[in-house]
């Protein structure tokens with residue numbers, strides 16, 4: 323015996339409730355995978371960057387740079403070009419003619435600086451110290467860019483999640499409306515199935531949006547080490563229209579050039595080995611003698627020539643300096659391109675926002691008219707769902723462009739070197 327419409331509705335409602343229960347369990351499980359990021363209004367972007375720098379894997383490299391710079395500075399302050407050496411010498415004919423010859427020598431060998439060598443090493447130590455400080459600022463700038471990107475990724479994910487919740491709530495209200503009309507016999511069963519199927523689609527979209535939000539917040543936590551975030555406040559756009567010389571990345575590149583050139587000068591100066599002075603004493607007893615003679619002597623060793631050997635080191639250092647200068651030029655080019663790209667993307671976002679706002683106004687009016695028309699039976703449910711989807715897409719685009727404008731402002735500030 324065929325089932326009545328009410329029985330059909332009961333069966334469908336039961337199946338629908340089971341499906342909704344499964345989705346609800348999945349969503350509940352997802353929400354317990356992590357705690358949402360707490361919003362701390364007192365937390366500033368600069369404080370988040372500082373926390374991220376402390377947790378950044380490259381931070382120990384800064385300490386190594388500083389230690390290396392201090393080592394070269396200490397070397398430049400040294401009075402000798404290399405380590406002094408102790409010289410000891412003993413000579414006897416005991417195992418030869420055995421006529422009583424004995425000689426004892428002791429002295430200190432002092433490697434002296436070549437002309438200009440010490441000043442070149444001092445200059446290298448100063449250049450490496452400046453580069454070390456520039457590297458610290460450049461690292462903070464680099465981390466600031468990652469923090470800005472992570473924060474706005476969370477903002478985008480939160481926005482998508484909120485829109486998915488709103489869409490699901492709208493679909494839920496539509497299901498109730500269709501169920502009521504189905505019970506009254508105003509609509510066919512296919513409308514009920516279509517409305518409930520649409521609801522499940524939106525619930526699936528909400529679960530997916532929740533997963534994306536979870537990933538974005540987890541990335542922020544991992545990168546910064548914080549379990550709270552500042553509010554999504556728009557940055558004030560920088561007035562800079564070109565890459566300044568004090569841009570953290572460019573300043574580091576300049577210091578790298580200075581360090582490489584100083585290193586090349588050290589190679590040119592120290593490859594010319596400086597003189598060596600030996601200060602020593604001698605105690606000797608001649609053959610067939612009975613009395614020791616004591617004396618003090620000075621030995622000076624002055625190297626000369628060797629251009630063929632020195633040029634290999636000098637040209638290698640000069641090549642390294644040239645490569646660093648080329649890297650500096652590439653860095654400036656990339657920074658300029660990033661700045662123009664951010665400025666262009668910001669302008670496009672602003673223009674698109676104006677057009678998207680107009681489209682949203684039209685879509686919302688169309689949606690209101692469509693819902694009224696469906697209530698009157700003038701259009702099919704499938705047509706209403708298409709109208710609603712268009713309105714949802716328009717709202718999503720406007721909200722995304724609002725965030726995109728703030729995000730591109732932050733990226734422009736990052737490109738021109740503004741530090742929070």
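Numbering (this note's numbering), first residue to last: 323 to 742. All C-beta atoms in this analysis are idealised placements derived from N, C-alpha and C, irrespective of residue type, glycine included. Predicted model, so just to flag it, every value in this text is computed and none were measured.
N-terminal and C-terminal residue of the alpha helix (DSSP H) that residue i is part of
| i | result |
| --- | --- |
| residue 509 | Careful: residue 509 lies outside any alpha helix (DSSP H) and carries neither H nor E. |
| residue 615 | No alpha helix (DSSP H) holds residue 615; the beta strand (DSSP E) holding it covers 615-623. |
| residue 410 | Here residue 410 belongs to no alpha helix (DSSP H); instead the beta strand (DSSP E) covers 407-414. |
| residue 401 | Premise fails: residue 401 is in no alpha helix (DSSP H) and is neither H nor E. |
| residue 589 | 570-592 |
| residue 374 | 367-377 |
Residues sharing a beta bridge with residue i, DSSP
| i | result |
| --- | --- |
| residue 605 | 426, 616 |
| residue 720 | DSSP lists no partner for residue 720. |
| residue 599 | 432, 622 |
| residue 550 | 360 |
6 Å Cβ shell around residue i - same chain, five flanking residues per side excluded
| i | result |
| --- | --- |
| residue 562 | 738 |
| residue 728 | 556 |
| residue 575 | 650, 653 |
| residue 714 | 489 |
| residue 462 | 375 |
Cβ distance (whole Å) where residue i is taken to contact residue j below 8 Å
| i | j | result |
| --- | --- | --- |
| residue 359 | residue 542 | 7 Å |
| residue 545 | residue 468 | 6 Å |
| residue 639 | residue 415 | Their Cβ separation, rounded to whole angstroms, is 50 Å, which puts residue 639 and residue 415 out of contact at 8 Å. |
| residue 696 | residue 703 | 7 Å |
| residue 460 | residue 570 | 4 Å |
| residue 732 | residue 474 | 7 Å |
| residue 492 | residue 710 | 7 Å |
Close beta carbons around residue i, own chain, < 7 Å, minus the five adjacent residues each side
| i | result |
| --- | --- |
| residue 350 | Residue placement at residue 350 is poorly supported in this model, since its pLDDT is 42, which falls under 50; the coordinates are not used for a value here. |
| residue 465 | 371, 374, 375, 378 |
| residue 654 | 565, 572 |
| residue 636 | 589, 590, 593 |
| residue 718 | 485 |
Does the count of Cβ pairs from the stretch 521-533 and the stretch 432-447 closer than 8 Å reach three?
no
Count the CB pairs spanning the stretch 595-604 and the stretch 612-632 that are closer than 8 Å, and state whether there are at least three.
yes
Decide if the stretch 415-434 is in contact with the stretch 530-548; the criterion is three or more beta carbon pairs, one per stretch, under 8 Å apart.
no
With three or more beta-carbon pairs closer than 8 Å as the criterion, would you say the stretch 481-489 touches the stretch 712-729?
yes
Report yes or no: do the stretch 578-591 and the stretch 642-654 share at least 3 C-beta pairs separated by less than 8 Å?
yes
Under 8 Å, with one C-beta from each stretch per pair, do the stretch 450-465 and the stretch 401-416 reach the 3-pair mark?
no
Three Cβ pairs or more, each shorter than 8 Å: is that satisfied between the stretch 604-620 and the stretch 422-434?
yes
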